[in-house]
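**Q** From first to last, the protein sequence lines stand for chains A and B. For the first sequence, this note's numbering gives the first residue as 1, with consecutive numbering after it. For the second sequence, this note's numbering gives the first residue as 301, with consecutive numbering after it. We put the beta carbon where it would ideally sit given N, CA and C, even for glycine. These figures come from a predicted structure and were not determined experimentally. Sharing a structure below in structure tokens format, with a few things to ask.
There are 2 protein chains.
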Amino acid sequence: MTLLAVGSPAYDTIETPSGRAEDVLGGAATYFAYAASFFGPVRLVGPVGTDFRDADRALLTDRDVDLAGLTTKPGETFRWSVRYGKDLKATTLETHLNVFDGYLPEIPKTFRDSRFVFLANSAPAMQLRALEQLASESFTVMDSMDLWIEEQRTDLERVLRRVDMVILNDEEARAITGQSSLIKAGRELLNFGPSFVMVKKGEHGTFLWSRGFFFAAPAYPVDTVVDPTGAGDSFAGGVMGYLARAGIADEQHLRRAVIYGSVLASFCVEEFSLEGLKRISRAEVDARYQEFLRFTAHPG
Amino acid sequence: MTLLAVGSPAYDTIETPSGRAEDVLGGAATYFAYAASFFGPVRLVGPVGTDFRDADRALLTDRDVDLAGLTTKPGETFRWSVRYGKDLKATTLETHLNVFDGYLPEIPKTFRDSRFVFLANSAPAMQLRALEQLASESFTVMDSMDLWIEEQRTDLERVLRRVDMVILNDEEARAITGQSSLIKAGRELLNFGPSFVMVKKGEHGTFLWSRGFFFAAPAYPVDTVVDPTGAGDSFAGGVMGYLARAGIADEQHLRRAVIYGSVLASFCVEEFSLEGLKRISRAEVDARYQEFLRFTAHPG
Numbered sequence: 001m002t003l004l005a006v007g008s009p010a011y012d013t014i015e016t017p018s019g020r021a022e023d024v025l026g027g028a029a030t031y032f033a034y035a036a037s038f039f040g041p042v043r044l045v046g047p048v049g050t051d052f053r054d055a056d057r058a059l060l061t062d063r064d065v066d067l068a069g070l071t072t073k074p075g076e077t078f079r080w081s082v083r084y085g086k087d088l089k090a091t092t093l094e095t096h097l098n099v100f101d102g103y104l105p106e107i108p109k110t111f112r113d114s115r116f117v118f119l120a121n122s123a124p125a126m127q128l129r130a131l132e133q134l135a136s137e138s139f140t141v142m143d144s145m146d147l148w149i150e151e152q153r154t155d156l157e158r159v160l161r162r163v164d165m166v167i168l169n170d171e172e173a174r175a176i177t178g179q180s181s182l183i184k185a186g187r188e189l190l191n192f193g194p195s196f197v198m199v200k201k202g203e204h205g206t207f208l209w210s211r212g213f214f215f216a217a218p219a220y221p222v223d224t225v226v227d228p229t230g231a232g233d234s235f236a237g238g239v240m241g242y243l244a245r246a247g248i249a250d251e252q253h254l255r256r257a258v259i260y261g262s263v264l265a266s267f268c269v270e271e272f273s274l275e276g277l278k279r280i281s282r283a284e285v286d287a288r289y290q291e292f293l294r295f296t297a298h299p300g
Numbered sequence: 301m302t303l304l305a306v307g308s309p310a311y312d313t314i315e316t317p318s319g320r321a322e323d324v325l326g327g328a329a330t331y332f333a334y335a336a337s338f339f340g341p342v343r344l345v346g347p348v349g350t351d352f353r354d355a356d357r358a359l360l361t362d363r364d365v366d367l368a369g370l371t372t373k374p375g376e377t378f379r380w381s382v383r384y385g386k387d388l389k390a391t392t393l394e395t396h397l398n399v400f401d402g403y404l405p406e407i408p409k410t411f412r413d414s415r416f417v418f419l420a421n422s423a424p425a426m427q428l429r430a431l432e433q434l435a436s437e438s439f440t441v442m443d444s445m446d447l448w449i450e451e452q453r454t455d456l457e458r459v460l461r462r463v464d465m466v467i468l469n470d471e472e473a474r475a476i477t478g479q480s481s482l483i484k485a486g487r488e489l490l491n492f493g494p495s496f497v498m499v500k501k502g503e504h505g506t507f508l509w510s511r512g513f514f515f516a517a518p519a520y521p522v523d524t525v526v527d528p529t530g531a532g533d534s535f536a537g538g539v540m541g542y543l544a545r546a547g548i549a550d551e552q553h554l555r556r557a558v559i560y561g562s563v564l565a566s567f568c569v570e571e572f573s574l575e576g577l578k579r580i581s582r583a584e585v586d587a588r589y590q591e592f593l594r595f596t597a598h599p600g
């Protein structure tokens, strides 16, 4: 079924203990769309500047990412620079929203029937604007970040009330609920509205709550994390790409989706920027999925 | 089959965000033996002082823990006091080894045929002395800590060469190997000798390496951790208690053992000292094991 991502591409400058990459393609929507594209076509809505490179556009269209909703605006593409320490904790050095600043999405008419929708991390007002333009029967999923939790709480709660699932990391889940226990935080997030709460714990795996079940999975084990950038969005891309392909977001498919998310994130972090995703095929995704099943299998 | 634990009981004074407990029963060998006792009898070898309380002795014998190897020595029982911060990180306030200082275990003749043996965290020289007295066909497992890794490295490596399995936490695994990647560290520990390497990551679950397979499991989710003391030893007790009961430490049983370990640790941390373990029955252990299977099940 149709899958839509709303969010921004970016150009990132990244320093990690493994090296440095300057002005490389990044952005939540980009990682998401590329990861999801292993399962089927993706529609993308977001803003870029006049500096957005043709090669990067081609990279996405070659993966069957429909860029009809990618708006070119006067100015520069969103830029982010970050340094990861030895423990791989991120310190943001610079953020320039550029054309992403105050952006409000216009969903092309041909995209409005999308059945699976991912609202990448952005201002809640932007996410709400996207939701208002969409068919009500779509399965909608949001991400967020500390900035919006602290500064745009009311709007953020509005989005939470309207989406079917929220995907957050552990710190964000704790920040929204004020619960230091992650187990309580995840369960409590259901009270904000979503039917499903997925909490990413990076190398430590994923928790998934619904009103009817709980699922816990470790992360796919990665020998060396070269660049953590985009891991969360690649995870979401794997999750949503798989669900959209299956056409259903029930318990069994959501459990599988978590594993696909973990697999896509594991490829993402093995190289800088999108390089880890660019070098693999769907067969390699499936091979790692099968490996994951062996790693976690127990005889009951 | 027969299960032996070598290590020390202790009296702990514990402060956590949930409260305070003074001079309560603790010690690696105690937590281990109590947790393992849900699966069958346990033999205990270790030192206590003349202050060791009859009630604590009775608590263990009532669980079919054989105290024939518990030596009473002049002086006080090992004492430890600790403060856990909001993030539940431990700060040791005081350590008094007392009768544990320089202790070298004498394994009673009737214990020397034990088929499953756990060498709780203690000086490597003490662990070696225990190993020398045991039948060579026993399945031996060791724990350790940062102090021995830093200060008694040569002896520690000697123990590693002789045991069948090592159970460590993530920081200890990194410290021994010098690998910041836990995935590399765990695998590399196999080169030190053991056939199996189990790495505990607290609330984040467990990794298990052998030369033939890898297993990853999340931890049983706990709403509120009241007191983390003894979690690792209760985990080891669940692992070894289950294996000794099964009488075999092959891949399938080791995978199940990890889950039993996680279940016992989850009960342990829900209350101070041994209270969380004291209030449960084997039926509750099995119920939580089944719950764990549901939490981690995926349709493949």
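(1) At a Cβ cut of 7 Å, what residues of the stretch 213–238 of chain A count as close to chain B, listed as they run along the chain?
(2) Three-state secondary structure (DSSP) at His-598/B?
(3) Strictly below 7 Å CB to CB, what residues from chain B border Phe-295/A?
(4) DSSP beta-bridge partners for Ser-122/A?
(5) Taking only beta-carbon positions, decide if Ser-318/B is within less than 7 Å of chain A.
(6) Scan the stretch 60–137 of chain A and note each continuous alpha helix (DSSP H) run of 4 residues or more that stays entirely inside, going in chain order.
(7) In the structure shown, what three-state DSSP assignment does Asp-351/B receive?
(8) If we ignore side chains and look at the alpha-carbon of each, how far apart do Phe-492/B and Leu-367/B end up?
(9) Give me the Cα-Cα distance between Leu-447/B and Glu-432/B, rounded to the nearest whole angstrom.
(10) Which residues in the same chain have their Cβ closer than 7 Å to the Cβ of Ala-269/B, if we skip the five residues on either side of it in sequence?
(11) With contact counted as at least three CB pairs below 8 Å, one residue from each stretch, are the stretch 108–123 of chain A and the stretch 72–81 of chain A in contact?
(12) Anything in chain B within Cβ reach of Gly-241/A, meaning under 9 Å, just list it in chain order.
(13) Would you decide whether Thr-177/A is buried or exposed? Buried here means 16 or more other CB atoms lie within 10 Å of its CB.
(14) Within this structure, are the beta carbons of Ala-21/A and Ser-273/A separated by less than 7 Å?
(15) Is the Cβ-Cβ distance between Gly-7/A and Gly-46/A less than 7 Å?
(16) Where do the ends of the beta strand (DSSP E) carrying Lys-501/B lie?
(17) Could you confirm whether any beta carbon from chain B is found closer than 7 Å to the beta carbon of Ser-266/A?
(18) Which residue from Glu-584/B, Gly-547/B, Leu-554/B puts its Cα closest to that of Leu-564/B?
(19) Using a C-beta cutoff of 7 Å, does His-396/B count as contacting chain A?
(20) What number of angstroms, rounded off, separates the C-alpha of Asp-470/B from the C-alpha of Gly-576/B?
(21) What does the alpha-carbon distance come out to for the pair Gly-40/A and Arg-245/A?
(22) When you compare the CB of Gln-433/B with every CB in chain A, is at least one pair closer than 7 Å?
(23) Measuring only between beta-carbons, confirm whether Gly-505/B sits less than 7 Å from chain A.
(24) Please compile the residues from chain B whose C-beta is within a distance smaller than 7 Å of the C-beta of Arg-255/A.
(25) Is the stretch 123–140 of chain A touching the stretch 151–159 of chain A, taking contact as three or more C-beta pairs under 8 Å?
(26) Suppose the cutoff is 7 Å on Cβ atoms and the five residues either side in sequence are ignored; what does the same chain contact list for Leu-104/A look like?
(27) For Pro-228/A, I'd like the list of residues in its chain whose CB is within less than 8 Å of its CB, leaving aside the five on either flank, ordered along the chain.
**A** In short, the structure shows the following:
(1) Along the stretch 213–238 of chain A, going in chain order, the ones with a CB nearer than 7 Å to a CB of chain B are Phe-214, Phe-215, Ala-216, Ala-217, Pro-218, Pro-221, Val-222, Asp-223, Thr-224.
(2) Here His-598/B sits in coil by DSSP.
(3) The contacting residues are Phe-514, Phe-515, Ala-516.
(4) According to DSSP, Ser-122/A bridges with nothing at all.
(5) So, not an interface residue.
(6) Counting whole runs of 4 or more residues, the stretch 60–137 of chain A contains the alpha helix (DSSP H) stretches 124–132.
(7) It is coil, neither helix nor strand.
(8) Looking at the two C-alpha atoms, the distance is approximately 33 Å.
(9) Rounded to the nearest angstrom, the two C-alpha atoms are 23 Å apart.
(10) Nothing about residue 269/B can be read from this structure; chain B reaches only from 301 to 600.
(11) Taking a cut-off of 8 Å for Cβ pairs, the stretch 108–123 of chain A and the stretch 72–81 of chain A do not touch, as fewer than three such pairs fall below it.
(12) None at all; the shortest Cβ gap to chain B is about 17 Å.
(13) Burial is judged here by how many other beta carbons sit within 10 angstroms of a residue's own beta carbon; Thr-177/A has at least 16 and is buried.
(14) Yes, the pair counts as a contact, with Cβ atoms nearer than the cut-off.
(15) A contact, by the Cβ cut-off of 7 Å.
(16) Following the DSSP letters along the chain, one finds Lys-501/B in no beta strand (DSSP E), marked with neither H nor E.
(17) It does not: the Cβ of Ser-266/A has no partner Cβ on chain B nearer than 7 Å.
(18) Glu-584/B is the residue among Glu-584/B, Gly-547/B, Leu-554/B whose C-alpha sits nearest the C-alpha of Leu-564/B.
(19) No, no contact with chain A.
(20) About 24 Å.
(21) Arg-245/A has its alpha-carbon roughly 6 Å from the corresponding atom of Gly-40/A.
(22) False, the Cβ-Cβ gap to chain A never drops below 7 Å.
(23) Interface residue, yes.
(24) In chain order: His-598, Pro-599.
(25) Touching, yes, given that three or more Cβ pairs across the two stretches are closer than 8 Å.
(26) Taken in chain order, the residues that qualify are Met-126, Arg-129.
(27) Same-chain partners within the cutoff: Thr-16, Tyr-84, Leu-88, Ala-90, Gly-202, Val-269.
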